[in-house]
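*Asks:*
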Amino acid sequence: MTSVDPSSFGAKTLAVDVCRRYPGSIKDRVILITGPTVTSIGYGTAEAVAQLDPKLLILAGRDMTKLEQARHKLQSKVKDAPVKLLKLCLTDSAQIKEAVEELRSWQTPIDVVINNAAVMDTPYELTPEGHELQFATNYLGPWLFTQSIIPLVLESKGKRVVMVSSVGHHNGDIRWDDPAYTKGYDRKHAYGQGKTADILYAKELAKRFRGQGLTAFSLDPGGISTPLQKHWSLEEKQEVGRKYGAFHQDGTVNHEADVWKTIDQGASTTCRAAFDPDIASESGSFLVDCQIRNDKRASYAGDDAAAERLWKWTNELMGESF
Ligand SMILES: NC(=O)c1ccc[n+]([C@@H]2O[C@H](COP(=O)([O-])OP(=O)(O)OC[C@H]3O[C@@H](n4cnc5c(N)ncnc54)[C@H](OP(=O)(O)O)[C@@H]3O)[C@@H](O)[C@H]2O)c1
Numbered sequence: 035m036t037s038v039d040p041s042s043f044g045a046k047t048l049a050v051d052v053c054r055r056y057p058g059s060i061k062d063r064v065i066l067i068t069g070p071t072v073t074s075i076g077y078g079t080a081e082a083v084a085q086l087d088p089k090l091l092i093l094a095g096r097d098m099t100k101l102e103q104a105r106h107k108l109q110s111k112v113k114d115a116p117v118k119l120l121k122l123c124l125t126d127s128a129q130i131k132e133a134v135e136e137l138r139s140w141q142t143p144i145d146v147v148i149n150n151a152a153v154m155d156t157p158y159e160l161t162p163e164g165h166e167l168q169f170a171t172n173y174l175g176p177w178l179f180t181q182s183i184i185p186l187v188l189e190s191k192g193k194r195v196v197m198v199s200s201v202g203h204h205n206g207d208i209r210w211d212d213p214a215y216t217k218g219y220d221r222k223h224a225y226g227q228g229k230t231a232d233i234l235y236a237k238e239l240a241k242r243f244r245g246q247g248l249t250a251f252s253l254d255p256g257g258i259s260t261p262l263q264k265h266w267s268l269e270e271k272q273e274v275g276r277k278y279g280a281f282h283q284d285g286t287v288n289h290e291a292d293v294w295k296t297i298d299q300g301a302s303t304t305c306r307a308a309f310d311p312d313i314a315s316e317s318g319s320f321l322v323d324c325q326i327r328n329d330k331r332a333s334y335a336g337d338d339a340a341a342e343r344l345w346k347w348t349n350e351l352m353g354e355s356f
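The opening residue of the sequence shown carries number 35 in this note's numbering; numbering runs sequentially from there.
Laid out in structure tokens, this is it:
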């Protein structure tokens with residue numbers, strides 16, 4: 035085991051180095067990651083985790099071809115990595131429930147659930163169930179999935195849930211009276227709303243399951259150039275380029291800009307949130323650059339009453355009774 039002090043972890047720390055610090059939280063454990071498409075932070079997380087000898091890596095996504103690609107790439111990097119693929123479309127409750135049934139049939143406790151999949155700044159769209167697409171993908175779907183598999187997590191040793199949120203949560207609190215934006219859509223706000231809900235959900239999970247040993251964290255992975263930014267217009271990229279140097283004026287990515295992390299760096303905060311046993315006493319916290327940074331959370335995302343309200347409100351919105 036390496037003796038790296040976690041207080042030295044930061045923005046540029048690699049995910050695999052974080053994982054190497056916590057081998058006991060990965061070896062022989064079952065880890066589920068949503069959104070592991072090969073170009074994404076979820077894949078980077080999976081590749082780092084695979085190197086520490088998990089019992090099983092469950093890669094969950096909506097597109098079986100992309101999941102197969104992820105498995106292929108992973109097993110070309112880490113020979114014999116134990117991978118199972120789970121079809122999971124987060125915008126459809128019926129499909130989420132099918133995925134949950136499939137998981138249950140595998141009869142395996144799940145040590146760590148990493149809710150990483152998301153979309154950002156999508157044009158206005160309602161799911162067939164009437165939810166705004168970003169809120170459905172980034173919060174409501176992961177909520178239903180996670181709530182449904184909590185018994186499998188509680189049976190495990192790890193008992194941890196991770197919600198990959200974003201600095202973008204500062205763009206929007208929850209629209210309690212109109213989460214589907216029926217009176218006018220603001221796509222930045224909608225991304226913020228979902229990412230705020232992720233932070234509050236982790237907080238409330240931490241509170242409600244403290245007595246049963248389950249811990250939960252949320253985090254901002256930092257800025258990583260991935261397909262997540264595909265809905266940005268040229269003008270938006272130019273503006274972000276002017277502010278942070280992240281894009282050239284023709285809209286292409288400026289990979290040299292310090293604001294970007296690589297995928298391996300972008301996955302490291304997730305790995306600390308998922309595997310560090312020593313932060314368990316701070317369950318419910320928010321991490322940035324591999325450190326607990328509740329000071330970086332918007333006040334509305336750290337609000338205890340909002341977290342409690344969200345729990346009941348989401349049950350009503352989803353017609354569930356968790
Ligand atoms: N990249 C950044 O700068 C950044 C910054 C802050 C926070 N984050 C957060 O980090 C996480 C990963 O982002 P990323 O940059 O890796 O994004 P990404 O490359 O766009 O990957 C997102 C993943 O989510 C999956 N996904 C989207 N909709 C889904 C659905 N309905 N059901 C199931 N899976 C779905 C995608 O699958 P498909 O490939 O099939 O679309 C993909 O695997 C997200 O939670 C994001 O909000 C990213």
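Where is the CB? At the ideal position from N, CA and C, for every residue including glycine.
Look at the Cβ atom of Met352, then the Cβ atom of Leu178, and state whether they are nearer than 8 Å.
*Replies:* Against a cut-off of 8 Å, the Cβ pair of Leu178 and Met352 comes out as a contact.
*Asks:* Evaluate Trp345 with the Cβ neighbour count: other Cβ atoms within 10 Å of its Cβ, from every protein chain shown; 16 or more gives buried, anything less gives exposed.
*Replies:* The residue in question, Trp345, is buried, as its Cβ has 16 or more Cβ neighbours within 10 Å.
*Asks:* Assign Glu189 to one of two classes, buried (16 or more other C-beta atoms within 10 Å of its C-beta) or exposed (fewer than that).
*Replies:* The residue in question, Glu189, is exposed, as its Cβ has fewer than 16 Cβ neighbours within 10 Å.
*Asks:* Ala82 and Ala307 look like a contact to me (Cβ under 8 Å); what is the Cβ gap, rounded to whole Å?
*Replies:* That pair is no contact at about 13 Å.
*Asks:* Let me make sure I understand the geometry here. Which of Lys107, Phe320, Ser259 has the alpha-carbon closest to that of His289?
*Replies:* Per the Cα distances, Ser259.
*Asks:* Would DSSP call Met98 helix, strand or coil?
*Replies:* Helix at Met98.
*Asks:* Tell me where the alpha helix (DSSP H) around Val52 begins and ends.
*Replies:* First-last of the alpha helix (DSSP H) with Val52: 49-55.
*Asks:* What is the residue span of the alpha helix (DSSP H) that Val187 lies within?
*Replies:* It spans 175-188 - the alpha helix (DSSP H) in which Val187 sits, taken as one unbroken run.
*Asks:* Give the straight-line distance between the Cα atoms of Ile65 and Ile183, rounded to the nearest whole angstrom.
*Replies:* Roughly 13 Å between the two C-alpha positions.
*Asks:* Check for me: the alpha helix (DSSP H) holding Met154 runs from which residue to which?
*Replies:* Looking at the DSSP string, Met154 is not in any alpha helix (DSSP H), and its letter there is neither H nor E.
*Asks:* Among the residues of its own chain, which have a CB less than 6 Å from the CB of Glu166, if the five just before and after it don't count?
*Replies:* Within the same chain, Glu166 has close Cβ partners Ala214, Tyr215, Ala224.
*Asks:* Hey, out of Asp114, Phe43, Gly76, Lys113, whose CA is closest to Lys100's CA?
*Replies:* The residue with the shortest Cα to Cα distance from Lys100 is Gly76.
*Asks:* Please state the DSSP three-state secondary structure of Gly206.
*Replies:* In the structure shown, Gly206 sits in coil (DSSP, three-state: anything other than H, G, I, E or B).
*Asks:* Quick one: give me the first and last residue of the alpha helix (DSSP H) that Phe281 is part of.
*Replies:* It is not in any alpha helix (DSSP H) - Phe281 carries neither H nor E in the DSSP assignment.
*Asks:* My output table needs one value for Thr303: the three-state DSSP class, helix, strand or coil.
*Replies:* Here Thr303 sits in helix by DSSP.
*Asks:* Just to confirm, does Cys123 get its C-beta within under 7 Å of one of the non-hydrogen atoms of ligand 1?
*Replies:* Cys123 Cβ: within cutoff of ligand 1.
*Asks:* From this set, Ala128, Glu135, Phe309, Arg331, which residue's C-alpha is nearest Asp62's C-alpha?
*Replies:* Among Ala128, Glu135, Phe309, Arg331, the Cα nearest to that of Asp62 is on Phe309.
*Asks:* Runs of 3 residues minimum, wholly inside the segment 69-146: which ones carry the beta strand (DSSP E) assignment?
*Replies:* If we require 3 residues or more, the beta strand (DSSP E) runs fully inside the segment 69-146 come out as 90-95, 117-121.
*Asks:* Using a threshold of 7 Å, is the CB atom of Ser252 nearer than that to any non-hydrogen atom of ligand 1?
*Replies:* No, the beta carbon of Ser252 sits no closer than 7 Å to any heavy atom of ligand 1.
*Asks:* Please return the same chain residues whose Cβ sits closer than 6 Å to the Cβ of Leu262, not counting the five positions on each side in sequence.
*Replies:* So the list reads Met154, once near-sequence residues are dropped.
*Asks:* Give the straight-line distance between the Cα atoms of Asp312 and Asp87, rounded to the nearest whole angstrom.
*Replies:* The alpha-carbon atoms of Asp312 and Asp87 are separated by roughly 21 Å.
*Asks:* Let me make sure I understand the geometry here. Which of Thr304, Ala280, Gly318, Lys330 has the alpha-carbon closest to that of Cys53?
*Replies:* Per the Cα distances, Thr304.
*Asks:* Output yes or no for whether 8 Å exceeds the beta carbon distance between Glu269 and Ala341.
*Replies:* Going by C-beta atoms, Glu269 is not nearer than 8 Å to Ala341.
*Asks:* Does DSSP classify Ile65 as helix, strand or coil?
*Replies:* Looking at Ile65 - three-state DSSP - the assignment turns out to be strand.
*Asks:* Just to confirm, are Gly257 and Val287 a CB contact at a threshold of 8 Å?
*Replies:* Contact: no.
*Asks:* In this structure, how does DSSP classify Arg331 when only helix, strand and coil are distinguished?
*Replies:* In the structure shown, Arg331 sits in coil (DSSP, three-state: anything other than H, G, I, E or B).
*Asks:* Below 8 Å, can you find three or more Cβ-Cβ pairs linking the segment 143-159 to the segment 104-114?
*Replies:* No, they do not touch.
*Asks:* Would you tell me roughly how many angstroms separate the C-alpha atoms of Lys295 and Asp323, rounded to the nearest one?
*Replies:* Taking the straight line from one Cα to the other gives about 10 Å.
*Asks:* Considering Arg343, what are the terminal residues of the alpha helix (DSSP H) in which it resides?
*Replies:* Where Arg343 is concerned, the enclosing alpha helix (DSSP H) stretches over 338-352.
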